[in-house]
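Only one structure is covered here, and it is reproduced in the block below.
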Amino acid sequence: MAKSKNGALELTIISAEALSLTKTRPVKKNAYVIIKVGSNNDQITTMDTENGSYPSWNEKFLIDVPMHVKSFTIEVRCKNFFGDHVVGSARIPMSDFIGGYFPCNYLQFLSYRLRDRYGERNGIINLSVKMMSASNIASSSIPTTYSMKTTGWNYGASMGQKLTHGVVVGVPIQNRY
Amino acid sequence: MLLAELYFHNGPLLNYLHFSPLSHSPATVFDCSPLPKHHQTAVMGNCCFGGDGGDQSAIGGSSFHPNSNAPNDAVDGFLKSRGYHGLYTEIELSLSASNLRDRDVLSKSDPMAVIYTKGRDGSLQELGRTEVVLNSLSPQWIKKIIITYHFEMVQTLVFRVYDIDTQFHGIEEKMLKLEEQQLLGEGTCLLSEIVTKQNRTLPIDLVRKGESGSSTRPMKLGQLTVHAEECVASKTTTELVFRCMDLENKERFSKSQDPFLVISKCVESAHVVPICKTEVIQNDLNPTWKPVSISISQVGSKETPLVIECFDFNNNGRHELLGKVQKSLTQLENLHSSGQGENLFVPITVGKDHQTKVLKSRLFVDKFSESVHHTFLDYLDNGFEMNFMVAIDFTASNGNPRLPDSLHYIDHSGRPNAYQKAILEIGEVLQCYDSDKKFHAWGFGARPIDGPVSHCFNLNGSSGHSEVEGIQGIMTAYASALFNVTLAGPTLFGPVIAAAAMIASQSLAANEKKYFVLLIITDGVITDLQETKDALVNASDLPLSILIVGVGGADFKEMEILDADKGERLESTTGRVATRDIVQFVPFRDVQGGEISVVQSLLEELPSQFLTFMKNRDINPYTT
């Protein structure tokens with residue numbers, strides 16, 4: 001699938017929720033996001049000055065994803081009088097939006113848990129992802145590689161078929177229109 | 001905080017407020033005002049000026065998230081605050097008929113239609129009557145009948161057409177004794193049948209009283225056509241950003257000025273009804289508030305005068321008026337385009353005269369934008385469907401199905417067991433929204449003949465397809481599966497959720513206008529909690545909602561974790577968090593007394609989950 005070649009990723013950093021600097025101190029303002037993909041240059045959003053610990057950016061980035069990259073990292077930071085702090089980060093596995101339920105070129109809305117440097121939960125980041133891969137455009141309509149496990153209870157009896165247990169059956173696509 | 005207060009102040013509000021599914025942010029909690037109109041006024045009064053005075057948050061129609069794409073619960077609250085009540089929609093029915101029977105000797109019939117709602121016990125309640133049309137066998141009645149549409153209920157309507165005898169003409173329709181009139185025919189349908197029809201028009205064949213639908217060959221007595229229209233004056237919503245300049249400092253004891261705005265509409269008899277208020281801004285004489293949205297249907301029209309009052313927040317609840325203006329939405333729009341400020345005034349009483357004093361404080365409109373929103377019925381009208389799927393627990397904890405104490409025991413007297421009951425009650429509502437009435441049905445936690453334990457097998461026994469025909473098809477497949485599988489364990493939800501998600505994603509890829517509802521009925525606590533969470537999180541961005549019904553006497557506390565209404569937002573092992581709340585859980589034992597409200601509460605949220613999904617993805621009902 002798309003993993004085999006370089007793909008482009010349209011990533012929108014939408015917003016974050018419930019960010020705090022310490023347990024008792026919420027982020028007041030100036031939160032921003034760094035996107036780290038492999039060894040590429042990091043990309044940065046602007047600072048949100050208005051929405052405090054519920055910042056909102058809505059910024060779109062086009063990211064090249066080399067084939068060996070299995071995940072990328074999102075880091076939420078915050079600048080204040082005392083300096084530049086890492087609020088929390090999330091590692092986002094590519095497998096969450098490649099080869100999952102969704103067809104290619106499909107806009108997906110995802111949310112991730114942010115964790116601070118001690119691994120403690122610190123808010124949530126909301127983003128949307130659209131995979132744009134050249135290799136997959138021709139076959140982007142219906143993912144045919146999926147199959148899933150369903151079995152009938154009387155498969156031995158049905159139509160005299162001899163099937164062994166644990167059979168993997170593709171579900172037919174209902175296309176009535 | 002606000003929510004808590006509302007709970008205490010208005011008991012009935014509980015029902016409406018338990019929505020805001022994943023709210024952790026204060027913004028989203030206060031964002032939602034999922035109250036039907038008649039409650040809204042009551043709440044407003046309470047919040048703004050109640051003696052408590054403890055809340056400083058905005059309420060009613062204000063949106064805190066500047067981007068409407070935020071894929072979280074904010075959208076949900078946002079939708080409701082903008083009047084997207086999937087439920088409680090007022091619908092106007094208009095009637096016409098053709099080929100009525102002629103019962104008058106010298107002239108034609110003089111028909112009048114009467115509409116009833118049929119209760120679950122079969123009793124009829126009159127909803128309204130049309131006028132009498134003289135001398136017509138194809139009348140088009142003018143008078144409209146209003147009915148409230150509830151998504152979560154099966155609403156059966158009965159229509160009766162009477163020929164009104166000449167001697168009764170001139171008498172008011174309401175006063176007519178129907179038993180003295182000649183019945184021309186009777187028809188029946190479900191309200192959901194009308195609203196799911198494209199163009200919302202349903203023809204019904206009239207038959208003789210009592211035989212509607214049941215008799216093999218009912219006598220044709222003409223046809224009645226019912227057309228439904230949503231009673232919404234306008235689907236336009238305006239978003240406004242207000243700012244004030246040079247507010248007067250009224251605090252005598254060097255306290256700070258904490259201004260907020262209350263927006264009310266003027267109704268007849270010089271009465272004002274509050275619509276929304278902004279948040280309180282601390283210590284600011286030149287405040288800019290967060291956006292406020294006001295729907296046209298909330299205020300009546302763009303010309304309705306609105307009173308915008310600026311108050312200084314006071315902890316004791318006696319907020320002090322800093323000044324007000326009176327402007328219609330049109331005037332506010334002009335104010336915005338001109339960039340001018342409007343001076344605030346305060347009413348003063350000089351002797352017996354009421355006068356106004358103009359202040360130098362000014363109000364500005366920094367943003368004025370209009371948008372059109374779509375209702376659940378708009379989507380239905382344009383061919384969107386809800387597709388029902390069901391998964392049944394076949395684990396051994398249900399007890400041997402051949403013994404009467406088993407949850408799976410099929411009583412031959414026809415009394416449904418808990419599983420059958422849940423399928424019937426939820427299925428009967430949802431099947432109306434599925435045009436082909438083919439439902440996917442699975443079982444889990446059992447051993448098919450000679451096989452290992454399966455956590456997702458087709459209920460119909462087929463190895464290829466899992467679809468069955470109609471609710472009856474589910475019942476038949478369920479009953480036959482019971483005698484063909486061996487109950488086993490453990491209870492895993494992951495595989496059935498994945499199967500449903502797969503079907504939803506294939507429909508999405510094929511660009512179908514479908515939304516899926518998976519009903520899982522179970523008797524016990526799941527053993528794969530984290531796996532289930534992963535499956536749910538992965539499915540949270542699909543056109544899918546999951547209803548879980550717990551039957552039997554087990555302790556379902558753990559299941560409530562899955563329902564984000566009651567707990568935290570679901571998180572997968574990879575750290576991904578559910579995009580939106582797609583799960584509703586309810587223990588069914590509460591309902592077994594014959595009450596149906598629990599099943600209804602389970603279904604109530606579906607329209608808003610549907611709308612959240614559509615809104616998130618910017619899916620317009622009118623595009624194909």
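If you're matching them up, the sequences are chains A and B in order.
The first sequence begins at 1 in the UniProt record's numbering and counts up by one.
The second sequence begins at 1 in the UniProt record's numbering and counts up by one.
Yeah, the Cβ is synthetic: ideal placement off N, Cα and C, and Gly gets one too.
Being a predicted model, the structure only gives us computed values, none of them experimental.
- Secondary structure of Ser-297 of chain B (DSSP, three-state): helix.
- Against chain A, a Cβ distance below 9 Å from Leu-529 of chain B picks out nothing, because the smallest value is about 17 Å.
- Residues are counted here when their Cβ sits less than 9 Å from a Cβ of chain B; for the stretch 78-101 of chain A these are Ala-90, Arg-91, Ile-92, Pro-93, Ser-95, Asp-96, Gly-100, Tyr-101, given in chain order.
- For Pro-26 of chain A, no chain B residue has a Cβ inside 9 Å of its Cβ, as the nearest lies near 10 Å away.
- Under the Cβ criterion of 7 Å, Ile-124 of chain A is counted among the residues facing chain B.
- Taken atom to atom, the span from the alpha-carbon of His-319 of chain B to that of Lys-357 of chain B is near 19 Å.
- For His-336 of chain B, there is no enclosing beta strand (DSSP E); the residue is part of the alpha helix (DSSP H) that begins and ends at 329-338.
- Between Thr-612 of chain B and Arg-580 of chain B, the gap from beta carbon to beta carbon is short of 7 Å.
- Taking C-beta atoms as the reference points, Asn-126 of chain A and Cys-78 of chain A fail to come closer than 7 Å.
- Chain B has a Cβ within less than 7 Å of the Cβ of Tyr-112 of chain A.
- Interface annotation, Gly-399 of chain B: not in contact with chain A, CB-CB separation never under 7 Å.
- Inclusion of Ala-441 of chain B and Ala-477 of chain B in the CB contact set at 7 Å is warranted, their separation being smaller than that value.
- Taking C-beta atoms as the reference points, Leu-377 of chain B and Glu-239 of chain B fail to come closer than 7 Å.
- For Asp-116 of chain A, the CB contacts under 6 Å within the same chain, skipping 5 residues up- and downstream, are Gly-88, Asn-122 in chain order.
- Beta-bridge partners assigned by DSSP to Met-614 of chain B: none are found.
- For Gln-43 of chain A, no Cβ of chain B is located within less than 7 Å of the residue's own Cβ.
- Against chain A, a Cβ distance below 9 Å from Leu-542 of chain B picks out Tyr-101, Phe-102.
- Counting along the chain, the unbroken alpha helix (DSSP H) around Gly-427 of chain B starts and ends at 418-430.
- Separation of the CB atoms of Asp-246 of chain B and Ser-371 of chain B is rounded to 32 Å, and the pair is thereby denied contact status at 8 Å.
- Listed along chain A is no residue with a C-beta nearer than 8 Å to that of Ser-256 of chain B; the closest approach is about 19 Å.
- One Cα belongs to Val-114 of chain B, the other to Thr-130 of chain B, and the distance between them is close to 7 Å.
- Per DSSP, the unbroken beta strand (DSSP E) holding Asn-126 of chain A starts and ends at 121-132.
- What Leu-107 of chain A touches in chain B, judged by beta-carbon distance under 8 Å, is Arg-617, going in chain order.
- Annotated three-state conformation of Gln-223 of chain B is strand, per DSSP.
- Within the stretch 390-478 of chain B, the complete beta strand (DSSP E) segments at least 3 residues long are 438-444, 446-448, 467-469, listed from N- to C-terminus.
- Leu-190 of chain B is not a Cβ neighbour of Thr-225 of chain B, given a cutoff of 7 Å.
- In this chain, the beta strand (DSSP E) harbouring Asp-64 of chain A covers 56-65.
- Per DSSP, Ala-554 of chain B is not a residue of any beta strand (DSSP E), being assigned neither H nor E.
- The beta carbons of Leu-285 of chain B and Cys-310 of chain B sit about 11 Å from each other, so the pair does not count as a contact at 8 Å.
- Rounded to the nearest whole angstrom, the CA to CA distance from Asp-64 of chain A to Ile-124 of chain A is 24 Å.
- In this structure, the alpha-carbon of Leu-606 of chain B lies about 15 Å from that of Asn-616 of chain B.
- Note on geometry: alpha-carbon atoms of His-169 of chain B and Ala-422 of chain B lie some 50 Å from one another.
- Excluding residues up to 5 positions away in sequence, Leu-380, Cys-432, Tyr-433 lie with their Cβ nearer than 7 Å to the Cβ of Thr-196 of chain B in the same chain.
- Taking the C-beta atoms as reference points, Val-86 of chain A is found no nearer than 7 Å to Leu-11 of chain A.
- The C-alpha of Leu-21 of chain A lies about 22 Å from the C-alpha of Glu-571 of chain B.
- According to DSSP, residue pairing for Asn-343 of chain B in a beta bridge involves B:Arg-362.
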